[in-house]
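Below is one structure, written out as structure tokens, with a few remarks after it.
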Amino acid sequence: MTAMFHHKAISRMKAEDLLLAVNEDGRFLIRDSETFPGAHVLCLLYKGRVHQYRILPTGDGKLTVASEAGVSGPKFSDLIQLVTEYLQRGEKNGLACALKTAVEAEGLEEGDRESDDEEDFEVPRSGHNQSSEVHTAAVAKSQSVLAKEKLLHHFSQLDLSRLDGEFITSIRHYVDSEVYKDAQLLNDPNGQGSLKHLDGIIATAAASFQKELDLFMSKLNVCYELFSGKPEEEHVVEAGDSTLLSIIERKMSRCALKIRKLQQKAEVVVKDMGGALQDLQPSSEEAGNCSSLLREKWSSRCKRGTLEIPKMPFEVKAIKHGRVAGRVTLTVDIQAGKLFAVKPSKEVLDDSNTFPHDKILQLIKCTKDHSRLDIIIEGKRKYSYQFTDTHTRENFCQQVMQMKNMHSTEPGVDQISIFIGTFNMGSSPPPQNLNLWLLGVGKGKVRDPKVFSRIPHDVYVIGTQESALTDKDWINTLKSVLKSCFMIEMETVDVWSLWGIRLVILTRPEHIHSISHIQHASVKTGIANKLGNKGAVAISFQFNGTTFCFICSHLTSGDERLLRRNQNYKDIVKGFQLGLKSLSLFDITNRFQHVFWLGDLNYRTDGNIHHILRDVSERKIEALLKRDQLNKCREKSEAFCGFEEESITFMPTYRVVRGEQECRDYEWRKLKKTGERINSPSWCDRVLWKSYPGTFVENTAYGSSEKVCTSDHKPVFSSFNVGIASQFVGPGVTISMEDSSNMRIIFDCVEAKVKTSCNLYFYLEFFSTCLPGTFVSKANRNFDIKQPAQLVCNPVWTSNCLPEKMIPLFGDRDFLEDQHILLAVRARDGDNESYGECPVALKNMFSDKPLPFSGMLTHQGEETGSIRGTFRVTTSDRTGSRRKSARKTYELVAFDTEIPDPEEYQPDTPPLAKEGDTLPGEGKRLLKTASTDSGILAVKTPEANSQQQESHKRLSTPITLESPLYEESSLDENDTENEETVLTNGNSAPSLPPRCRPRLLMGQSSLSQNQVLPACVQSPTSPARTGGDKGENSAAPPPPPVPSRSPNTLGLQDRPPPPIPKRTKQEGYTNAVSDSRYDGLLRPSSVDEWLRGLGLPQYIALFLSNGWDTMEFLGDLSEADLDAMFIRDHVHRERIMESLKQMKLKT
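For the sequence shown, numbering that gives the first Met the number 0 assigns the number 0 to the initial residue and increments by one for each residue that follows.
In structure tokens, the structure reads:
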């Protein structure tokens, strides 16, 4: 019996929400512990705070409430006795207050009890009457209910993963209703006592078996005719019993008879041949030549199938000095590995217009003109071209990158392409045109079919729902279709099924040995989370040094069951236990570097059905997407928190008319026993992904194959390019023990914003595969109470609470650039539960000075807060720079804001961190960085010690990076009255660098003539990204300034000064204002440069950490924003505001 106060496996945040909703002191509930099996947590509300007490099991099977002093309390047999005892104690129970009223556990929603896609399970209810006849009937009915419940229980325990969808549907229908009909037949005295409907299930199951028997007999006939020269005479078999068992027995007998006759006939024929066979046999040399010829023919066929790629010409305009200089035809020969740039007047191909793949150093996309592209060729100047549109430019870049990948001579793989498809097959057989789906042909964002339909992906991830095939048949079907398309026999990585939900992963043969640590699992979310008609399957593996997890799910259906779908998502995230055991604290979305979620998610389109149908008929996709339930839930962090999805440009995929090749008409009415149900046209079938910061993932396609019309769903496909990290230190690299010990990971300060109403202390745990173990901080001593105190807790860890030094296992920088540290915020008191986890990248954090990071805390699929702070990775001189060979293939394409000067680009200098711009017609090209909430970007400069990152979301409390983050304050950990300590920000300015000749910038006229100016900075770059929180197209900010010469700066005295920037008239390099005082002056290219020019470098970290990270943002800066950053000096405030006015950023 389950007590009404026991909420079982609800999350901590859900428990707090339930208590805060009633807002009465003394209200309580009990939930299961997340960290200790068999333990529980008593949650008690008092004065707006939730107090938690652990209920631990004892060795003798009793329960006891844990006390902070470690004294063993009274023992109770169960939770009911425990709660009853504490209710009787009143105020003298040792808790924060007396237990008063329990918050009752929520019952099952109506959506939990039935499914919209299948017939409902209906259990008859027992009645009660005083009469003996009615009583006897009631007893019989009660026995019937018990038998039915027992049958349902057995059905829920069945393993149906290897069975086809047709059989699963039939047995489900039998358990639901037809078992009663068989019961009536058996109990009918006038009946024959047969199990008619069970025989129907057996016939369904035996249908394929009978076909196999018939096919087997046909093969035996062919073998018999081979030896006899004539068909076997068929004898007429007298008709007998027509039952299924009798039919199968007769066919089996015929098979046995045919086998015996075949063996007798073959013995006679082969024996008569005798020794004549020796003269007819070919010699071994002739047989070898024949076999070799066949292999050569097949190899040639395979080669033609994979490498005969058409050459696609691109008609572009050549740009010189900002003007059109003529027309050029660009042709990418992927097979030959060459790029041709031919003018109309020149037909001869020579070195001036032919560029091998290894000479192409960089493709630079212009962020101001989305159709312009610069190509950097080794040993030659840059070439600028204007394409017809953004899509054409993107297609060209994809082909060049494909050519570079195909002809790469590197020993390891640093990038792979992944095809992901999801299809609710509606219990129908595979369509004849299945190849269209696997080739990515359809509506939406698609790759060039003329080129990329000839090139297979490296990995294929195929998810299906309501599949009617067995695992073996479906895999053979997929391999056969892919082989017919690419002449390649794909290898099976893994397959896993849950009823009709199936996930298959195939890969090219050359990659099968790069894949390891394969795991799979399933989670049921059907009725009462026991049935597998709804749920998810997952497969995880490691490709070299990069971890992947693919989840295929089928969530609760119905327009009105949004909350149930969101709960399905949380149950799935909590239920999967894949990956390293040391990461069991983290949920599935934080255990892997890349998590891809696909399937029939069943999120619907909200609104009036007639308005929806009108928008569908007018193909108003944007208007429909505003009503999409999944998009709304993601915006509110109610489900799929932190996941991303490519822009949808195809029509809704459900509920289409079967047999119709285009999404025009939808069957939005569905008749059921309970009445008419409305199914609005919706994007039920989706593909989303979530990746670690600092990893590369690029979506290249997202569409729907509308011509596949065997189901009421349209199949959806998506393609990705994903960066692959090395599993070990690079070949030929030797790292000494001294080098490893000289490289350290140092966290200087960390601040968390935890969503909780509990008053607790917290500590941090640091996990990473590059560390020798788990590092744990001390409990925080400080809280930032300047943040709102209600429903949020702000623990702060200063340097004396954090681990002093974390030495990685290997001291190679290129290896560590791809590594991550997983942070977990755990409660010191209570149940030691996790209050949020966040991955932090080591990429771009190699510096002698602390660099900022930030991220979003999540736990069990829910957003639980945010975290930020500063840390750095210190290196020795030997290990502090990247190797020339460490440049990744995916770094080929960059944006103009990432390269300081394209004509000064060096092949051994890696580009800056790639920006995740979302340009019209382009994929989301993401190189996530360490300071990320949901796609925050950072700058990667060629200098190892000049790394900075920007914050995506403006946080209300600033972090001062050039001075101690918080004043130290002593706090007795046992003093509960002074837990909340007021913290102040130290704004002490660091010492200015030595004087040097300044470079005059716009906005410096507010400085006096004798003002000490900072050191010279690097040459300017094009303007930094715009948009920020407004969601506009963005690019990474320019590189930070080069540190000035100083006696304390090592290794910079002998470094030559940066090159003088070219002064051109091209847009993006010169920004002179009309005022004559600023003729010839350059606008500062970064906030760092601007503040140093004003002599206010102490505010750089304040501006960056509060979101003012590019010059374009500063136009919105107000006096209130300066107050929020605690800039109190009125002279400095006037200097800042006057400078913005002079640069025309403020009126």
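All C-beta atoms, glycine included, are put in the ideal place defined by N, C-alpha and C. It should be emphasised that the depicted structure is a prediction, and the values quoted were computed from it without experimental measurement.
On the criterion of 16 or more Cβ atoms from any shown chain inside 10 Å, does P429 qualify as buried, or is it exposed?
buried
Are there 16 or more other CB atoms within 10 angstroms of the CB of N186, so buried, or fewer, so exposed?
exposed
Check whether the Cβ atoms of Y382 and A317 sit closer than 9 Å, and answer yes or no.
yes
If contact is defined by three or more beta carbon pairs under 8 Å, each pair taking one atom from either stretch, is the region 385 to 398 in contact with the region 482 to 501?
no
Does the region 856 to 863 come into contact with the region 565 to 575, if we say contact requires no fewer than three beta-carbon pairs (one atom in each stretch) closer than 8 Å?
yes
Is K754 buried or exposed, if buried means 16 or more other CB atoms sit within 10 Å of its CB?
buried
According to DSSP, what are the bridge partners of Y382?
Its beta-bridge partners are I374.
With three or more C-beta pairs closer than 8 Å as the rule, is the region 469 to 476 touching the region 506 to 526?
When C-beta atoms of the region 506 to 526 are compared with those of the region 469 to 476, fewer than three pairs fall below 8 Å, so the two segments do not count as touching.
Quick one, which of E1111, V1086, L505 and Q628 has its alpha-carbon nearest F1102's?
V1086
Using the rule of at least 16 other Cβ atoms within 10 Å of the residue's Cβ for burial, across every protein chain shown, is L251 buried or exposed?
The amino acid at residue 251 is misidentified as Leu; the sequence shows Met. When all chains shown are included, M251 counts as exposed.
Specify, as a first and last residue, the run of the alpha helix (DSSP H) that V492 falls within.
Not the alpha helix (DSSP H): V492 falls in the beta strand (DSSP E), residues E490 to L497.
For a minimum of 3 consecutive residues, which ranges assigned as the beta strand (DSSP E) are wholly contained in the region 743 to 800?
743 to 753, 761 to 766 and 794 to 796
Tell me the DSSP secondary structure of W436 in three-state form.
helix
Which runs of the beta strand (DSSP E), 3 residues or longer, sit entirely within the region 825 to 867?
833 to 840 and 850 to 858
Is it buried or exposed for P508, if we count other Cβ within 10 angstroms and need 16 for buried?
Counting the other Cβ atoms within 10 Å of the Cβ of P508 gives fewer than 16, which makes it exposed.
Please state whether the Cβ-Cβ distance between G722 and V696 is less than 9 Å.
Between G722 and V696, the C-beta spacing is below 9 Å.
Return helix, strand or coil for W473, following the three-state DSSP convention.
DSSP places W473 in helix when its eight states are reduced to three.
Pop quiz: L78 and H5 are said to be a contact at Cβ under 8 Å. What is the actual Cβ separation, rounded to whole angstroms?
6 Å
With 16 as the cutoff for other CB atoms within 10 Å, does Q398 come out buried or exposed?
buried
Decide if F208 is buried, meaning its Cβ has at least 16 other Cβ atoms within 10 Å, or exposed.
exposed
List, from N- to C-terminal side, the alpha helix (DSSP H) runs of 4 residues or more that fit wholly inside the region 181 to 211.
none
T389 lies in the alpha helix (DSSP H); which residues open and close that run?
T389 to M405
Using a Cβ-Cβ cut-off of 6 Å (strictly less than) and excluding sequence neighbours within five positions of L597, which residues of its own chain qualify?
For L597, where only same-chain residues beyond five positions count, the Cβ hits under 6 Å are I419, T421, G462, C551 and V686.
So, T168 versus S427, is the Cβ gap smaller than 9 Å?
no
Compute the Euclidean distance between the alpha carbons of E661 and K625, then round it to the nearest angstrom.
23 Å
Within this structure, are the beta carbons of L44 and V64 separated by less than 9 Å?
no
In angstroms with no decimal places, state the Cα-to-Cα distance between K257 and I647.
59 Å
Going by the DSSP bridge assignment, what does C484 pair with across the sheet?
In the DSSP output, where bridge partners are listed per residue, C484 has none listed.
Whole angstroms is fine: what's the gap from S10's alpha carbon to Y834's?
11 Å
Taking Q765 as the reference, which of K804, L759 and F782 has the closest Cα?
According to the sequence as given, residue 765 is Phe; it is not Gln. Nearest of K804, L759 and F782 to F765, Cα basis: K804.
Please state whether DSSP places P448 in a helix, a strand or coil.
Helix.
Could you say if the region 803 to 817 and the region 831 to 846 meet the contact criterion of at least three C-beta pairs nearer than 8 Å?
Contact between the region 803 to 817 and the region 831 to 846 is present: 3 or more CB-CB pairs across the two stretches fall below 8 Å.
Answer yes if the region 697 to 713 comes into contact with the region 637 to 653, meaning at least three C-beta pairs across the two stretches below 8 Å, and no otherwise.
yes
Short check: CB of W682 to CB of L629, under 9 Å?
yes
For D16, I'd like the list of residues in its chain whose CB is within less than 7 Å of its CB, leaving aside the five on either flank, ordered along the chain.
For D16, where only same-chain residues beyond five positions count, there are no Cβ hits under 7 Å.
Classify Y568 as helix, strand or coil using the three-state DSSP reduction.
Helix at Y568.
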